[in-house]
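Heads up, the thing below is written out as structure tokens.
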Amino acid sequence: MNLGEPVSLGFDIGGTNIRGIALRPDFSLGEMILHPCEDDQEKIIQTVVKLTDQIQEKEKLEIGCIGVGVAGFVDRSGVVQTSPNLSTFDDFPLLDKLRQKLSVPVLIENDATSATWAEVQLGVAKESQNVVMVCLGTGIGAGLYFNSELFRGSAGYAGEVGHMTVMPDGLPCPCGRFGCWERYASGSSLGYIAESMKLDGELGSLGSDSDETPFDSERIGHLALERNKEALKVLGQYSNWVALGLVNLVNILDPELVVIGGGITELGELLLDPIRKSFEKITPESSLRAKEMVVLAKFGKKSGAIGAALLAKQKFL
Ligand SMILES: [Zn+2]
65 MNLGEPVSLG FDIGGTNIRG IALRPDFSLG EMILHPCEDD QEKIIQTVVK
115 LTDQIQEKEK LEIGCIGVGV AGFVDRSGVV QTSPNLSTFD DFPLLDKLRQ
165 KLSVPVLIEN DATSATWAEV QLGVAKESQN VVMVCLGTGI GAGLYFNSEL
215 FRGSAGYAGE VGHMTVMPDG LPCPCGRFGC WERYASGSSL GYIAESMKLD
265 GELGSLGSDS DETPFDSERI GHLALERNKE ALKVLGQYSN WVALGLVNLV
315 NILDPELVVI GGGITELGEL LLDPIRKSFE KITPESSLRA KEMVVLAKFG
365 KKSGAIGAAL LAKQKFL
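Here it is as structure tokens:
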């Protein structure tokens with residue numbers, strides 16, 4: 065290990081949390097730190113600066129550069145044009161603002177693209193040349209890696225798969241449209257699916273709470289981990305929605321590997337099995353697709369921050 069080389073920091077600014085991690089010169093990782101993300105430009109900048117100081121204190125190494133993955137339409141000059149789950153970012157020059165506050169080189173990237181980079185460099189997609197990574201978080205973003213290169217599109221907005229319509233006239237989406245995939249298959253949709261199954265009489269009691277308690281994704285996830293039958297039913301229906309979008313992507317892009325990321329991957333096989341089954345059932349010519357082409361990310365919800373740190377390291381160090 066070269067002790068003289070500085071660390072690279074990675075941040076992931078999402079609709080719910082801001083995560084930060086240090087990537088050391090030997091590619092080992094520091095501890096992930098996390099802070100709730102308030103939908104406010106100034107507070108987001110302040111949080112990134114504060115977390116940078118905290119990590120610096122812990123690591124006791126010089127910080128050489130910072131990479132920031134952000135949920136939204138990030139153009140090539142580091143301006144967040146719009147972010148459906150972070151309304152404060154509207155034509156917001158995030159890169160310039162962070163450069164003013166931080167004394168090291170900074171790079172801005174879409175969060176799902178960053179996450180994909182972590183998985184192809186150090187994670188589950190290391191051996192693959194053609195990968196789609198779908199991050200199931202507050203919304204859904206995708207990273208595209210084809211012919212061994214990241215694909216960002218002409219302006220940098222490729223991979224906004226969460227806003228692919230899967231239900232005409234369906235649920236309203238913060239993007240202003242209706243029936244977007246992320247309303248049904250993002251990490252935060254489990255609660256909605258439980259509610260609608262309950263309304264349709266397809267769901268029994270989920271435990272001791274009264275019927276008035278609204279379902280949320282975290283609760284469904286916990287119950288599923290305890291093998292609660294009703295929660296597993298919810299997960300089954302959720303998996304059908306996830307698989308529907310994955311099949312659309314695979315039909316268009318023909319990747320070798322589809323990586324699923326985001327906090328919900330903590331459910332492990334409980335999530336992967338029903339997604340794979342549903343995927344196989346609804347994929348046209350499924351015999352032509354690799355049996356186990358859908359996999360879970362190695363780094364779970366850390367992928368975005370790790371990938372941003374890697375991208376910054378490769379550009380600046
Ligand atoms: Zn939408």
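If you use the working numbering, the sequence shown corresponds to residues 65 to 381, in order. Virtual Cβ for every residue (Gly too), placed ideally from N, Cα, C.
{"Check": "Minimum C-alpha distance to L115 - residue among A369, P236 and K379", "Outcome": "A369"}
{"Check": "8 Å Cβ cutoff met for A372 and V132", "Outcome": "yes"}
{"Check": "At least three beta-carbon pairs within less than 8 Å, the stretch 220–240 to the stretch 329–343", "Outcome": "no"}
{"Check": "First through last residue of the alpha helix (DSSP H) which encompasses D160", "Outcome": "L158 to K165"}
{"Check": "Beta-carbon gap between G217 and A176 smaller than 8 Å", "Outcome": "no"}
{"Check": "Beta-carbon separation (whole angstroms), W245 vs L214, contact threshold 8 Å", "Outcome": "Contact flag wrong, Cβ pair sits at about 22 Å."}
{"Check": "Assumed close pair G255, D280 - CB separation to whole angstroms, cut-off 8 Å", "Outcome": "4 Å"}
{"Check": "Reduced DSSP category for M261 - H, G, I as helix; E, B as strand; rest coil", "Outcome": "helix"}
{"Check": "Simplified DSSP state of M65, which is helix, strand or coil", "Outcome": "Residue placement at M65 cannot be trusted, given a pLDDT of 48 that sits under 50; what the coordinates show is reported in the next sentence. M65: coil per DSSP, three-state reduction."}
{"Check": "Rounded separation between P70 and E121 - CA only", "Outcome": "13 Å"}
{"Check": "Inside the stretch 143–219 only - beta strand (DSSP E) runs reaching at least 3 residues", "Outcome": "144–146, 154–156, 170–174, 195–200, 204–210 and 213–215"}
{"Check": "Close-in-space but distant-in-sequence residues of the same chain around A86 (CB under 6 Å, 5 per side omitted)", "Outcome": "V71, L73, G94, I119 and E123"}
{"Check": "Alpha carbon of Q145 to alpha carbon of Q378, nearest angstrom", "Outcome": "25 Å"}
{"Check": "N292 (DSSP reduced to helix, strand or coil)", "Outcome": "coil"}
{"Check": "Under the three-state DSSP convention, the category R386 falls into", "Outcome": "The displayed coordinates of the chain run from 65 to 381. Any statement about residue 386 would go beyond what the structure contains."}
{"Check": "Paired residues, beta bridge with S303 - DSSP", "Outcome": "Answer is none; S303 lacks a bridge partner."}
{"Check": "Cβ-Cβ distance between N174 and P319 below 8 Å", "Outcome": "no"}
{"Check": "Validate contact between the stretch 159–173 and the stretch 95–112 using beta carbons, cut 8 Å, 3 pairs", "Outcome": "yes"}
{"Check": "First through last residue of the alpha helix (DSSP H) which encompasses I77", "Outcome": "Careful: I77 lies outside any alpha helix (DSSP H), inside the beta strand (DSSP E) at V71 to I77."}
{"Check": "P148 beta carbon near ligand 1 (any heavy atom closer than 7 Å)", "Outcome": "yes"}
{"Check": "Top-ranked residue by Cα proximity to V198, from G268, R283 and A249", "Outcome": "A249"}
{"Check": "Status (buried if at least 16 other CB within 10 Å, exposed otherwise) for P348", "Outcome": "exposed"}
{"Check": "C-alpha distance - T80 paired with S212, whole-angstrom precision", "Outcome": "31 Å"}
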